[in-house]
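Enquirer: Note that UniProt numbering has the sequence shown beginning at 1, numbered continuously upward. The beta-carbon is built from N, C-alpha and C at its ideal position, and this holds for glycine as well. Predicted, not measured: the structure shown is a model, and the values here were computed from it.
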Amino acid sequence: MAEICCGVVGEEETLTLPVEPSSRPSGRRSLDLLPLKYMADPPENSRKRQKLDPSVSPPPPPARECENAVDSCESSTDEESKENEVVLENKVVVVEECSPKYGITSVCGRRREMEDAVSVHPSFCREKQDHFFGVYDGHGCSHVATMCKERLHEIVEEEVEKEKVDWKSTMEKSFIRMDEEVLNSSKTKQSFSCKCELQTPHCDAVGSTAVVAVVTPEKIIVSNCGDSRAVLCRNGVAIPLSSDHKPDRPDELDRINKAGGRVIYWDGARVLGVLAMSRAIGE
1 MAEICCGVVG EEETLTLPVE PSSRPSGRRS LDLLPLKYMA DPPENSRKRQ
51 KLDPSVSPPP PPARECENAV DSCESSTDEE SKENEVVLEN KVVVVEECSP
101 KYGITSVCGR RREMEDAVSV HPSFCREKQD HFFGVYDGHG CSHVATMCKE
151 RLHEIVEEEV EKEKVDWKST MEKSFIRMDE EVLNSSKTKQ SFSCKCELQT
201 PHCDAVGSTA VVAVVTPEKI IVSNCGDSRA VLCRNGVAIP LSSDHKPDRP
251 DELDRINKAG GRVIYWDGAR VLGVLAMSRA IGE
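#1: For M277, I'd like the list of residues in its chain whose CB is within less than 7 angstroms of its CB, leaving aside the five on either flank, ordered along the chain.
#2: Checking 7 angstroms against the spacing of the C-beta atoms, do H121 and P100 come in under that value?
#3: DSSP puts L253 in a beta bridge; with which residues?
#4: Could you check how far apart the C-beta atoms of G140 and V206 are, in whole angstroms? I think they sit under 8 angstroms.
#5: Could you check if T105 is buried or exposed, using at least 16 other CB atoms within 10 Å of its CB as the buried criterion?
#6: Hey, S242 and V211: beta-carbon distance below 7 angstroms or not?
#7: Pull up the distance between the alpha-carbon of V214 and that of M114, whole angstroms please.
#8: Rounded to a whole number of angstroms, what is the C-alpha to C-alpha distance between S186 and V237?
#9: Grab me the residues of C5's own chain with a C-beta within less than 7 angstroms of its C-beta, minus the 5 sequence neighbours each way, in chain order.
#10: Cα separation between R126 and L275?
#11: How is D179 classed by DSSP in three states: helix, strand or coil?
#12: Tell whether a beta-carbon distance below 7 angstroms holds between A2 and V165.
#13: Would A269 be called buried (16 or more neighbouring beta carbons within 10 Å of its own) or exposed?
#14: Pick from I256, A145 and I264: whose alpha carbon is nearest that of R279?
#15: With DSSP run on the structure shown, which of helix, strand or coil describes V107?
#16: Suppose the cutoff is 6 angstroms on Cβ atoms and the five residues either side in sequence are ignored; what does the same chain contact list for residue 284 look like?
#17: Buried or exposed: which applies to R150, given that a residue is buried once 16 or more other Cβ atoms fall within 10 Å of its Cβ?
#18: Classify V156 as helix, strand or coil using the three-state DSSP reduction.
#19: Identify, in the order they occur along the chain, each residue of the same chain with its Cβ nearer than 7 angstroms to the Cβ of A230, setting aside the five sequence neighbours on each side.
#20: Do E157 and S174 have their CB atoms nearer than 7 angstroms?
#21: Figure out for me which residue from S142, N235 and K258 has the closest Cα to the Cα of R112.
#22: Taking C-alpha atoms, which residue in D179, E218 and S123 lies nearest to A145?
#23: Using CA atoms only, rank isn't needed, just tell me which of F133, N184, R110 and D248 is closest to F124.
Dropping the structure here:
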């Protein structure tokens, strides 16, 4: 199971970090120290420094050394002030860009191998403040979900840069291209770093759901394939942004029957008694 929680930091919001209280008491001990002074140049015959009378003041350093010390102090102060200015400028830029904040959760569960993948790409389009978030729930193996993680945001970016953006058409073309790339990779027996045996009929049962959200300054575009969901939380209320593709949904059931498939109720509605979703990338 994998999920993403996304939000946006506005200009009026401030980020506060929790401060852990110190468990150690701040007790201090007062010690009486005797003022001691040492000679700058000890005698050649003695390796230890000799104690001097506290009332005797050491000789002043040369005037040239004092001037150099003042110059070095001023230069270091100027450098520190410049560094602080750069840090402050960066902080201002980050606040003005309204950067997204998000969280990711991914749990393998009882499976031997993690088959899910998460993809987050802030500002994935050039010169645009569009942010890409994707969750891919793989089944059969992990390589299809991994391919979606590595490629789907790039395909969406390519479609966006082709012509004037029509998000519905852009998402449809992107998902179709992603599905074609997965099918072509299985035909060419492309090697993957997973435990799946990439030979038929094993790789024919590998696929992945996909739910994608593109967050722009004006809107949120959501596209999904399968039963992975997108939910918007507004004032503590969950608002669904996607509709699951399930085999028992009337329109999906009719589509499966017309395509020559069958829906078998085995621990819930499943396509051919296996898949719990009616659509997926791959397979």
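Expert: Walking through what the data contain:
#1: T209, G226, D227, H245 and K246
#2: no
#3: Answer is none; L253 lacks a bridge partner.
#4: 4 angstroms
#5: exposed
#6: yes
#7: 25 angstroms
#8: 42 angstroms
#9: Y102 and G103
#10: 38 angstroms
#11: helix
#12: no
#13: buried
#14: I256
#15: coil
#16: Past the edges of the chain, shown from 1 to 283, lies residue 284, and the structure says nothing about it.
#17: Residue identity differs from the one stated: residue 150 is Glu in this sequence, not Arg. Under this definition E150 is an exposed residue.
#18: helix
#19: V211, A213, V222, N224, L241 and S242
#20: no
#21: S142
#22: D179
#23: F133
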